[in-house]
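**Student:** Here it is: the structure, laid out below.
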Amino acid sequence: MTNDKDDDPESEAQIRALLKRSLAPEAPARPVLGEVQRKIRQRSKGKFYRDGWSTTQSRVSYALVAGIMLLIVAIAYFVLGPMGITNH
Amino acid sequence: MTPADDFEHWSLRAAIAWREIDEDVTDAELETKLIERLVARDERAFNELVRTYERRVFGLVLRMLNSRAEAEDLTQEVFVQVFKAIGTFRGESKLSTWIYRIAVNLCKNRAKYLRVRHTGEQEPLEELAERLPLSQARHANVAQIERPDEAMAGRQVEAIVRAAIAEVDENFRECLILCDVEELSYEEIAEITELPVGTVKSRIFRARAQLRELVERKLGEKIR
């Protein structure tokens, strides 16, 4: 009686090669992340992924946007505020 | 390190975020940090986790269910379950192994449900009988083929192999896919399937034998 576990290496290599040749890596047609976020939001009754920041696909963080906004406000203050640039 | 491991390594580094990058940090430490963020319900960490594993989970689920629509739906479900259950992850296995285990269990449940509903819409192997010989499908994967006759043969072999995998006994099939497609070790497969390593090896052997027989019967020639 042959032992099941003693697979013939040549046969094993042939099957592996056939599978590799035949099964190209595939990607889902629809974006997974958006749907996962939607399902989690629904099932958690809005506890998770409730706002645009948490569901955005962009890698720009809100900290960066907040920093840019602060910079714009500071520039506006210096240009338009009490120490603003005036034409004499 | 396999290409999948390599991809996972760099994805994990990305997941930990630019602010904490340190070349001396090991993959295990990176994974621990990611898990800490996930347990703390960090939504951005979870987004990175989905991006890192979505293709691998989808690939596994697609091979198990042989239906794109079902695979897409189930891939989403896997990540929803990961999000729900991350607090119970004890770190006794790799995070990827744990995610695979969830995917395999959900696949089994879905397959059982589909069997009851009789909604399997797999192409019968017999319909693929009119074909070009395997020897003509030198590269079988259509993405690598230039000549139209080779492309045709490649598509036919792809279809035959996919259909044959779907006909392999379900319990054997999961071990075969995890081993020969996902390139996981026997030990990892044993953890995912919660089977002894010896049983895993035996099932892989039987799955290969079944697959060989099915493919050769339909092709009418030996696999070389």
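Just so you know, the sequences run in chain order A and B. Heads up, the first sequence is in our numbering, so the first residue is 1148 and it goes up one at a time. Heads up, the second sequence is in our numbering, so the first residue is 10 and it goes up one at a time. Yeah, the Cβ is synthetic: ideal placement off N, Cα and C, and Gly gets one too.
(1) Once you ignore the five residues that flank residue 187(B) on each side, which residues in its own chain have a CB closer than 6 Å to its CB?
(2) Let me confirm a value: residue 1176(A) is counted as buried when at least 16 other C-beta atoms fall within 10 Å, else exposed. Which label applies?
(3) Using the three-state DSSP reduction, which class does residue 305(B) fall into: helix, strand or coil?
(4) In terms of residues, what are the limits of the alpha helix (DSSP H) holding residue 200(B)?
(5) How long is the line joining the alpha carbons of residue 47(B) and residue 1186(A), rounded to whole angstroms?
(6) Which of the three DSSP states, helix, strand or coil, is assigned to residue 235(B)?
(7) Using a C-beta cutoff of 7 Å, does residue 189(B) count as contacting chain A?
(8) Taking the straight line between their C-alpha atoms, what separation do you get for residue 1210(A) and residue 62(B)?
(9) With DSSP as the reference, label residue 35(B) as helix, strand or coil.
(10) Can you pull the chain B neighbours of residue 1183(A), defined as C-beta to C-beta under 8 Å?
(11) Could you name the residues of the region 95-106 of chain B whose beta carbon sits closer than 8 Å to any beta carbon of chain A, in the order they occur along the chain?
(12) If we define contact as Cβ-Cβ less than 7 Å, is residue 44(B) a contact residue for chain A?
(13) Within 7 Å (strictly less), CB to CB, does residue 1179(A) reach chain B?
(14) What do you reckon, are the CB atoms on residue 70(B) and residue 112(B) nearer than 7 Å?
(15) Does any C-beta atom of chain B lie closer than 7 Å to the C-beta of residue 1161(A)?
(16) May I have the straight-line CA-CA distance separating residue 1197(A) from residue 1183(A), to the nearest angstrom?
(17) Kindly list, in the order they appear in chain B, the residues whose Cβ is closer than 7 Å to that of residue 1192(A).
(18) Pull up the distance between the alpha-carbon of residue 213(B) and that of residue 183(B), whole angstroms please.
(19) Kindly indicate if chain A contains any beta-carbon less than 7 Å away from that of residue 226(B).
(20) In the structure shown, what three-state DSSP assignment does residue 191(B) receive?
**Tutor:** In brief:
(1) By one-based count along the second sequence, residue 187(B) stands at place 178. 193 and 198, listed in sequence order.
(2) On the first sequence, residue 1176(A) is found 29 positions in, with the first residue counted as 1. Residue 1176(A) comes out exposed.
(3) Here chain B covers residues 10 to 233 and nothing more, so residue 305(B) does not appear.
(4) Looking up residue 200(B) in the second sequence gives position 191. First-last of the alpha helix (DSSP H) with residue 200(B): 195-202.
(5) Your numbering for residue 47(B) matches position 38 in the second sequence. Your numbering for residue 1186(A) matches position 39 in the first sequence. Straight-line Cα distance between these residues: approximately 17 Å.
(6) An answer regarding residue 235(B) cannot be provided, because it is not within the stretch 10 to 233 covered by chain B.
(7) For the purposes of this step, residue 189(B) is taken as the residue at position 180 of the second sequence. Yes, residue 189(B) lies at the interface with chain A (some Cβ there is under 7 Å from its Cβ).
(8) The residue given as residue 1210(A) occupies position 63 in the first sequence. The residue given as residue 62(B) occupies position 53 in the second sequence. Straight through space, the alpha carbons of residue 62(B) and residue 1210(A) are spaced by roughly 26 Å.
(9) As a first step, residue 35(B) must be located in the second sequence, where it is residue number 26. Coil at residue 35(B), not helix or strand.
(10) As a working mapping, residue 1183(A) is identified with position 36 in the first sequence. Neighbours of residue 1183(A) on chain B, chain order: 59, 85, 88, 89 and 92.
(11) Of all residues in the region 95-106 of chain B, none has a Cβ within less than 8 Å of some Cβ in chain A.
(12) Residue numbering aside, residue 44(B) sits at position 35 when the second sequence is read from its first letter. So, not an interface residue.
(13) Residue numbering aside, residue 1179(A) sits at position 32 when the first sequence is read from its first letter. Answer yes: the Cβ-Cβ gap between residue 1179(A) and chain B drops below 7 Å somewhere.
(14) Taking the first residue of the second sequence as position 1, residue 70(B) is located at position 61. Taking the first residue of the second sequence as position 1, residue 112(B) is located at position 103. Yes.
(15) In the first sequence, counting from the first residue as 1, residue 1161(A) sits at position 14. Interface residue, yes.
(16) Numbered from 1 along the first sequence, position 50 holds the residue referred to as residue 1197(A). Numbered from 1 along the first sequence, position 36 holds the residue referred to as residue 1183(A). Roughly 13 Å separates the two Cα atoms.
(17) As a position in the first sequence, residue 1192(A) is number 45, starting the count at 1. By Cβ distance, chain B contributes nothing, its closest Cβ being about 14 Å from residue 1192(A), past 7 Å.
(18) By 1-based counting over the second sequence, the position of residue 213(B) is 204. By 1-based counting over the second sequence, the position of residue 183(B) is 174. Roughly 9 Å separates the two Cα atoms.
(19) Looking up residue 226(B) in the second sequence gives position 217. So, not an interface residue.
(20) Reading the second sequence from its first residue, position 182 is the one you call residue 191(B). Note: residue 191(B) maps to coil in three-state DSSP.
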